[in-house]
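Beneath this line is the structure, given in structure tokens, with notes to follow.
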Amino acid sequence: MTEARIPAVRLGEHGPQVGVQGLGCMGMSFAYGPTDAGQARAALERALELGVTLYDTADAYGEGDNERFLSPFFKAHRDEVVIATKFALSIPKDDPAKRIIRNDAPYIRQAVEASLKRLDVDAIDLYYMHRRDPDVPIEESVGTMAELVREGKVKHLGLSEVTADELRAAHAVHPIAAVQSEWSLFSRDIEAKVVPAARDLGVALVPYSPLGRGFLTGSFTHAEQELTADDFRRQQPRFTGANADSNAALLAPLRTIAAARDATPGQIALAWVQQRATIDTLPVVPIPGTRKPDRVAENVAATALILTAGELAQLEPIAAKVAGDRYADMAFTSAGRE
Ligand SMILES: NC(=O)c1ccc[n+]([C@@H]2O[C@H](COP(=O)([O-])OP(=O)(O)OC[C@H]3O[C@@H](n4cnc5c(N)ncnc54)[C@H](OP(=O)(O)O)[C@@H]3O)[C@@H](O)[C@H]2O)c1
Numbered sequence: 001m002t003e004a005r006i007p008a009v010r011l012g013e014h015g016p017q018v019g020v021q022g023l024g025c026m027g028m029s030f031a032y033g034p035t036d037a038g039q040a041r042a043a044l045e046r047a048l049e050l051g052v053t054l055y056d057t058a059d060a061y062g063e064g065d066n067e068r069f070l071s072p073f074f075k076a077h078r079d080e081v082v083i084a085t086k087f088a089l090s091i092p093k094d095d096p097a098k099r100i101i102r103n104d105a106p107y108i109r110q111a112v113e114a115s116l117k118r119l120d121v122d123a124i125d126l127y128y129m130h131r132r133d134p135d136v137p138i139e140e141s142v143g144t145m146a147e148l149v150r151e152g153k154v155k156h157l158g159l160s161e162v163t164a165d166e167l168r169a170a171h172a173v174h175p176i177a178a179v180q181s182e183w184s185l186f187s188r189d190i191e192a193k194v195v196p197a198a199r200d201l202g203v204a205l206v207p208y209s210p211l212g213r214g215f216l217t218g219s220f221t222h223a224e225q226e227l228t229a230d231d232f233r234r235q236q237p238r239f240t241g242a243n244a245d246s247n248a249a250l251l252a253p254l255r256t257i258a259a260a261r262d263a264t265p266g267q268i269a270l271a272w273v274q275q276r277a278t279i280d281t282l283p284v285v286p287i288p289g290t291r292k293p294d295r296v297a298e299n300v301a302a303t304a305l306i307l308t309a310g311e312l313a314q315l316e317p318i319a320a321k322v323a324g325d326r327y328a329d330m331a332f333t334s335a336g337r338e
């Protein structure tokens, strides 16, 4: 596999040019247990060397800590990076299981100013609505987001975990560059409605958790036994109890294909999501998250791995057999509202 810089792709008809794989930065300071800031900074630099330009954060990750952590890297490489951040979700540090969702105009205005200040940049390249508050019409929220574009505070708009209907309604107000939703060998619910809608509208897909939050790499099986008390994955039904055992057994074909291709199971998972989207003729930029430079290189190398029809057929049945939802409360996801 190559270590050359990855190619670039336009992030949908209305988005910026970015490397074909992005980097999820959430775990660098949030959600996945103890972190090493020096190593995370090295991972950011390694990604840039390899042609990764889309960096993903959110104001919700540690109440702004993640944006603050990334700011020096973004400022040092402002012309080379595409900064994606999000609003709409708050997760209080003193009550990490709680979710507060707001989509109203005054909140959006306050959130964008706070993110710009923490990031210490003049504009956000891609600004996502992180979660939907169904009590606020999406036209109203996207109307406010469109004002931010006109004011130069934001360059492109994105939505996360929206339904196909919500995407269509939003896109009618202002062009949407990308939908960021969970998409992996274990999580394929968006393929029924969201993916076809995005394809019809020329909207790119940014698959989050393409490694199934690490589970698809085989790096853990039982969240409650192997991960630290503050690790978010302990709240996810598919990584605990009997579900974790039966889901781990589903990784067998990934391991077999990986061994045959001199690759890792994680690389097979990343190659699958990239190729699956191509079948739907969608521009797709997965954002695997890692805090380790070696893993950045491993993940980036998967962009050059093309799976055969036979390998794809072996992987096809996995998702339907996964035990347990991807969140404890699916109401926050597109599948939970469709
Ligand atoms: N829009 C949303 O609602 C939403 C939700 C979740 C995530 N996201 C975004 O999507 C990004 C990616 O998702 P994610 O981080 O949840 O899940 P992911 O990318 O599926 O997996 C991340 C996990 O896999 C591990 N990992 C990464 N590369 C590996 C490798 N080559 N070998 C072994 N383990 C590896 C990481 O550990 P190390 O860090 O220790 O390497 C981390 O624990 C996040 O960073 C965030 O920016 C968005």
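For the sequence shown, UniProt numbering begins at 1 and goes up steadily by one.
A virtual CB, placed ideally from N, CA and C, is assigned to each residue, including glycine.
Only a predicted model underlies this, so the values are computations on that prediction, with no experimental measurement involved.
Cβ distance (whole Å) where residue i is taken to contact residue j below 8 Å
i: Q225; j: A97; result: Not confirmed; about 19 Å, so no contact.
i: G15; j: H156; result: 5 Å
i: S71; j: L119; result: 5 Å
i: L205; j: A178; result: 7 Å
i: K153; j: I176; result: So it is not a contact: roughly 17 Å between Cβ atoms.
i: A319; j: F186; result: 6 Å
i: V285; j: Q17; result: Not confirmed; about 11 Å, so no contact.
i: D321; j: L251; result: Looking at the sequence itself, residue 321 is Lys, so the reference to Asp does not match. With 8 Å as the limit, K321 and L251 do not qualify as a contact, their Cβ atoms being about 11 Å apart.
i: P283; j: V9; result: 5 Å
Own chain, CB closer than 6 Å to residue i, minus 5 neighbours either side, in chain order
i: M1; result: With a pLDDT of 42 at M1, under the threshold of 50, the predicted position of this residue should be treated as unreliable, though the coordinate-derived value follows. Only A301 and A304 meet the Cβ criterion.
i: R213; result: R233
i: A271; result: A302, L305 and L307
i: E191; result: none
i: residue 366; result: The question about residue 366 has no answer, for the chain in this structure spans 1 to 338.
i: P207; result: W183, V273 and P286
Reduced DSSP secondary structure (H/G/I, E/B, other) of residue i
i: D56; result: strand
i: S71; result: helix
i: Y32; result: coil
i: G62; result: coil
i: Q236; result: coil
i: T2; result: Unreliable positioning characterises T2 in this predicted model, as indicated by a pLDDT of 43, which lies under 50. A coordinate reading is not provided.
i: A323; result: coil
i: D122; result: coil
i: H171; result: helix
i: E182; result: strand
i: residue 339; result: It is not possible to answer for residue 339, since the shown part of the chain is limited to 1 through 338.
i: S187; result: strand
i: V142; result: helix
i: R10; result: strand
i: V136; result: coil
i: S90; result: strand
i: V195; result: helix
i: D231; result: coil
i: L148; result: helix
i: D245; result: helix
i: G51; result: coil
i: F332; result: helix
i: residue 353; result: Limits of the chain in this structure are 1 at one end and 338 at the other, which puts residue 353 out of reach.
i: R41; result: helix
i: L307; result: coil
i: E338; result: coil
i: V162; result: coil
i: S115; result: helix
i: I268; result: helix
For residue i, the residue or residues it bridges with in DSSP
i: K98; result: Its beta-bridge partners do not exist; DSSP assigns none.
i: I296; result: Looking at the sequence provided, one finds Val at residue 296 rather than Ile. Paired residue(s): none; V296 is not in a bridge.
i: Y127; result: T85 and L157
i: A204; result: A178
i: G289; result: G24
i: V284; result: L205
Cutoff 7 Å; reference residue i; Cβ partners in own chain excluding five residues on either side
i: P92; result: K98
i: A108; result: Before going further, note that residue 108 is Ile rather than Ala in the sequence given. Within the same chain, I108 has close Cβ partners F87, S141, T144 and M145.
i: G51; result: R5, I6 and G19
i: A323; result: R238, N243, S246 and N247
i: D189; result: A335
i: P34; result: T228
i: E67; result: T57, D59, T85, S115, R118 and L119
i: R255; result: P265
i: I257; result: I268, E311 and Q314
i: D280; result: V195 and R199
i: R41; result: F73
i: R102; result: A88 and D133
i: A169; result: I138 and E139
beta-carbon residue i near ligand 3 non-hydrogen atom, thresh 6 Å
i: P210; result: In terms of ligand content, the structure shown lacks ligand 3 and carries ligand 1 instead.
Same chain only: Cβ atoms within 8 Å of residue i, ignoring 5 sequence neighbours per side
i: T217; result: L211, T264, P265, G266 and A269
i: F220; result: G214, E226, L227, R233 and F239
i: A43; result: L23, M28, T290, R291, K292, P293, R295 and V296
i: D231; result: A31, Y32, G33 and A223
i: V112; result: F87, I124, Y127, L148, K153 and V154
i: A328; result: Q235, Q236 and P237
i: H77; result: L48
i: D36; result: R291
i: E63; result: S90, I91, P92 and K93
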